[in-house]
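Undergrad: For the record, in the sequence shown the residue sitting at position 188 is 188 according to the UniProt record's numbering, with numbers rising by one throughout.
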Amino acid sequence: MSINKIKLVALNLFAKNGYEGTSLSAIAEGVGMKKASIYYHFKSKEDLFMTIFDDILNDEIARMKKLTQEIKNYKVEEKLYSMFQFYYEKNETNKVDTIFWKRAMLFSPVALSESIKMKFITYENVSNGILASIFEEGIENGIIKSNNIKNLLAAFYCLIDGVFVELHYYGRDAYKTRLDSIWNVFWTGIINID
Numbered sequence: 001m002s003i004n005k006i007k008l009v010a011l012n013l014f015a016k017n018g019y020e021g022t023s024l025s026a027i028a029e030g031v032g033m034k035k036a037s038i039y040y041h042f043k044s045k046e047d048l049f050m051t052i053f054d055d056i057l058n059d060e061i062a063r064m065k066k067l068t069q070e071i072k073n074y075k076v077e078e079k080l081y082s083m084f085q086f087y088y089e090k091n092e093t094n095k096v097d098t099i100f101w102k103r104a105m106l107f108s109p110v111a112l113s114e115s116i117k118m119k120f121i122t123y124e125n126v127s128n129g130i131l132a133s134i135f136e137e138g139i140e141n142g143i144i145k146s147n148n149i150k151n152l153l154a155a156f157y158c159l160i161d162g163v164f165v166e167l168h169y170y171g172r173d174a175y176k177t178r179l180d181s182i183w184n185v186f187w188t189g190i191i192n193i194d
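1. Assign residue 118 to one of two classes, buried (16 or more other C-beta atoms within 10 Å of its C-beta) or exposed (fewer than that).
2. Quick one: grab the DSSP three-state call for residue 191.
3. Drop a sphere of 10 angstroms on the beta-carbon of residue 142, count the other beta-carbons inside from all chains shown, and report buried for 16 or more, exposed for fewer.
4. In the structure shown, what three-state DSSP assignment does residue 144 receive?
5. Rounded to a whole number of angstroms, what is the C-alpha to C-alpha distance between residue 87 and residue 31?
6. Which whole-angstrom value describes the C-beta separation of residue 145 and residue 190, a residue pair presumed to lie in contact below a C-beta threshold of 8 Å?
7. Might you give, ordered along the chain, the residues of its own chain that have their beta carbon closer than 8 Å to the beta carbon of residue 134, omitting 5 neighbours on each side?
8. Rounded to whole angstroms, what is the Cα-Cα separation between residue 25 and residue 113?
9. CA-CA distance, residue 73 and residue 192?
10. Among 103, 139 and 129, which one has its Cα closest to the Cα of residue 52?
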């Protein structure tokens, strides 16, 4: 059995049942192997969980950095909207990854909570750096109201978290319509109208 198959089965079970609700026996059964065989690839359930967490984190950072290069010549609104799209498309296309990520962040296994928190801070620093530079460019060019960057980041992240919740309550078409409305309200609230 491949290590990727183990991680895929574990990812789905962790996303569905949480860390505490997922056993190595259930993962082994899903893969079609004996529980002891998992230890050939991973030291423990914690090791498997953190490997999956790291994979998702590293993939997100790589995708975010790639997007940053793709949008570097866009207008400020287009850059911010592209970042907004980055998050909501991730929610829509990588639902299992997103659910795993949210569960890990909100309901961290006690033994792993510090490690998860530290890794999240790394991710957040990358995201903050990208978004802050866009907000700063907008403020410097008079497009965005002069505001504390931390406030703008907080508002943007609240927007993203709300979008995640929306995905679970509305169908795809309604979700897309609501996203456009939400974005318009956010953008109108931060632009400089003078």
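We put the beta carbon where it would ideally sit given N, CA and C, even for glycine. Predicted model, so just to flag it, every value in this text is computed and none were measured.
TA: Here's the rundown:
1. As a working mapping, residue 118 is identified with position 118 in the sequence shown. By the 10 Å Cβ count, residue 118 comes out exposed.
2. Along the sequence shown, one-based indexing puts residue 191 at 191. Three-state DSSP puts residue 191 in a strand.
3. Counted from its first residue, the sequence shown places residue 142 at position 142. Exposed.
4. On the sequence shown, position 144 is the one that residue 144 refers to. In this structure, residue 144 counts as strand in the three-state DSSP scheme.
5. Here residue 87 corresponds to residue number 87 of the sequence shown, with the count starting at 1. Here residue 31 corresponds to residue number 31 of the sequence shown, with the count starting at 1. Approximately 30 Å between the Cα atoms of the pair.
6. Against the sequence shown, residue 145 aligns to sequence position 145. Against the sequence shown, residue 190 aligns to sequence position 190. That pair is a contact at about 6 Å.
7. Residue 134 sits at position 134 when you count from the first residue of the sequence shown. Result list for residue 134: 76, 79, 80 and 83, in chain order.
8. In the sequence shown, residue 25 corresponds to position 25, counting from 1. In the sequence shown, residue 113 corresponds to position 113, counting from 1. Distance between the alpha carbons of residue 25 and residue 113 is about 23 Å.
9. Taking the first residue of the sequence shown as position 1, residue 73 is located at position 73. Taking the first residue of the sequence shown as position 1, residue 192 is located at position 192. When rounded, the distance between both Cα atoms is 21 Å.
10. Taking the sequence shown and counting its residues from 1, the one referred to as residue 52 is at position 52. When 103, 139 and 129 are compared, the shortest CA-CA separation from residue 52 is found for 103.
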